[in-house]
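Inspection log for the structure reproduced underneath, given as structure tokens.
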Amino acid sequence: MNIIWSNLPFLLQGAYYTLLITIVSMFFGSILAVIVAIARLKGNRPIRWLARAYVSIIRGTPTLVQIIIIYYGLADYGLNLKPLTAAYIALSISIGAYLSETLRGAIQAIPKGQYEAAYASGMTPIQTMRRIILPQAIRIAIPPAGNTFIGMLKETSLVSVITVTELLRSAQLLIAQYYVYMPFYLAIAVMYWILSTGFSFILERIEKRLSIYE
Amino acid sequence: MIKTNDLSKSFSGLEVLKKINLSVATGEVVAILGPSGSGKSTLLRCFNGLEELSGGRIQVGEIEVDANQSPRERNKQIRKIRLNTGMVFQQFNLYPHKTVLQNVVEALLIVKKSPKEKAITIGENLLSRVGLIEKKDQYPQRLSGGQQQRVAIARALAMEPDLMLFDEPTSALDPELVDEVLAVIKELAHTGMTMVIVTHEMEFAREVADRIVFMADGVVVEEGTAEEFFSHPKTERARRFLKIEEVI
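First to last, the protein sequences are chains L and D. First residue of the first sequence: 1, per full-length UniProt numbering; consecutive thereafter. First residue of the second sequence: 1, per full-length UniProt numbering; consecutive thereafter.
See below:
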């Protein structure tokens, strides 16, 4: 137990990176998801096709492979990304694909009458989407998106392979130093669990807040 | 106010409106009656571009929409029409995530870009007019159907339209809630607003409408003053609709 306490600052720094990567990817992934979901529903044929291809490729390949391609693969073409940058990009692209599907379903669940009321009052399609449809769709999408976010929190462990010192890699580095496994792995497991639980709690609060109108 | 020329509409090959020629004068209240599937709602929805024309032309105010225009040109024209036209739907279609007052002022703020205080004043006045000012901070879900429809009418009026379209405004309401909505519409009719009302409420149509347009199978079968239509329908189809027995 003592080696955990004495190395806690190092592990906490790992937890900080885990959290940072999760939040940054969530943020950019969500923006990407909105664009892709709308592109799939309202875009012209080439745009729809492009959005579909993106979702299909990202969902059909392992996140680990995507991370490695972006960090090591792109280096072949002289694009040397910092590990953390590569992690942000890879995970944003990954989460964007999953979230866009969730959001697409949510947008489709909004009754046609909502569009008609907005159009009839003179709103443009963009205003209608932004002011009327998306706020309702996001409310519907929050519970399934919460699952994706928590999944993402755990998937950040994958970026340890590109030398980002998040939780998993900080444990591995300590193990290399002390030659004991269990205490460090258990410690990070607990930290992952605490982070996930915290996330669930925040998401529940957001969900409650957004459902005041029901 | 409205003039249509050979207005036609088909849904995947099925002709729903067949060369409709109809006009509505400024200040006139017109009720469109007819059996289900006669195309009356579709016709109303063509007036503000919720349905695209398959053929013919339509003029609302000074603005013309033609089936032969490019989609871009047509959308531009339709948007102009919508800025001067309010619409009330059978299912209310209030925005559930916005309060009653927010529902009413939304288009003022977003489309007309009115200053917030001015929009709120207009919104509150309209809510007083439909008798719902004390509900202004409630969400629509908490209101009865009749109250929701009155909010929807206030929302349509907020843009100060020259023309109001009502698409079966009481068909989704419980019978005891119909009257409160009809009262608001009647009051509006007395202000000289141009209105087109698709309805199944015969009594109401007779009382409020200057003119009745009777449709069946995608054509206007008969039109005339309310008195003419209800007392002396000219066509057999209208008589059947009104269930007037032929005396042999």
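We put the beta carbon where it would ideally sit given N, CA and C, even for glycine. All of these numbers come straight from a predicted model, not from anything done at the bench.
Item	Value
Beta-carbon proximity list for D:N21, same chain, < 7 Å, skipping 5 on both sides	T4, N5 and D6
Option in D:N84, D:I58, D:E52 and D:G56 with minimal Cα separation from D:P71	D:E52
D:K43, DSSP secondary structure in three states	The residue you asked about is not Lys; residue 43 of chain D is Leu in the sequence shown. Helix at D:L43.
Short CB-CB distance (under 8 Å) between D:V16 and chain L	no
Cutoff 8 Å: L:Q108 Cβ touching any chain D Cβ	no
Contact set for D:E236: own chain, Cβ-Cβ below 7 Å, skip 5 residues either direction	none
Alpha-carbon spacing of L:A86 relative to L:M123, whole angstroms	40 Å
Neighbour-count burial assignment, D:P161, 16 or more Cβ in a 10 Å radius	buried
Interface residues of the stretch 129-151 of chain D facing chain L [CB-CB below 7 Å]	Y139 and Q141
For D:V213: DSSP bridge partner residues	D:I32 and D:E223
Closer than 7 Å at the beta carbon, the chain D residues around L:M123	A107, I110 and V111
7 Å Cβ shell around L:F199 - same chain, five flanking residues per side excluded	F149, I150 and L153
Any C-beta of chain L under 8 Å from that of D:L83	yes
Where the beta strand (DSSP E) through D:I20 begins and ends	L14 to V24
CA-to-CA distance, L:I110 to L:Y54, given in whole angstroms	24 Å
Within 8 Å, strictly: CB atoms of D:R106 and D:K118	It should be pointed out that residue 106 of chain D corresponds to Glu in this sequence rather than to Arg. No, the Cβ-Cβ distance between D:E106 and D:K118 is not below 8 Å.
For D:Q90, three-class secondary structure by DSSP	coil
CA-to-CA distance, D:R239 to D:I248, given in whole angstroms	With a pLDDT of only 46 at D:I248, under the threshold of 50, the placement of this residue in the model should not be trusted, and no figure is reported.
Residue from D:T170, D:Q59 and D:T26 whose Cα sits closest to the Cα of D:S144	D:T170
Cβ of L:E116 within 8 Å of any chain D Cβ	yes
Distance, L:I89 Cα to D:L14 Cα	50 Å
Own chain residues within Cβ distance below 6 Å of L:A15, not counting five before or after	L167 and M191
Pair within 8 Å by beta-carbon distance, D:A154 and D:L127	yes
Nearest-angstrom beta carbon gap, L:T128 and L:A120 [assumed within contact, 8 Å]	About 10 Å; that fails the 8 Å criterion.
D:E207 versus D:A226 - alpha carbon distance	8 Å
DSSP three-state assignment for residue 259 of chain D, whether helix, strand or coil	Outside the displayed range of chain D (1 to 248) lies residue 259 of chain D, so it cannot be described from this structure.
Whole-number beta carbon distance between D:V184 and D:R150, since they are thought to touch under 8 Å	5 Å
Residue environment, L:I57, which counts as buried when at least 16 other CB atoms sit within 10 Å	exposed
The stretch 30-39 of chain D contacting the stretch 82-95 of chain D, beta-carbon criterion three pairs below 8 Å	no
Residue span of the beta strand (DSSP E) that contains L:T156, given as start and end	Premise fails: L:T156 is in no beta strand (DSSP E) and is neither H nor E.
Alpha-carbon spacing of L:I67 relative to L:Y17, whole angstroms	16 Å
Pair within 8 Å by beta-carbon distance, L:L203 and L:A141	no
Cβ shell of L:G96 (< 7 Å), same chain only, five flanking positions each side left out	G29, L32, A33 and V36
CB contact check: D:R79 to chain L, cutoff 8 Å	yes
Amino acids of chain D, ordered along the chain, whose beta-carbon sits closer than 7 Å to that of L:I132	Y95
Chain-ordered chain L contacts of D:F89 [CB-CB under 9 Å]	G113, E116, A117 and A120
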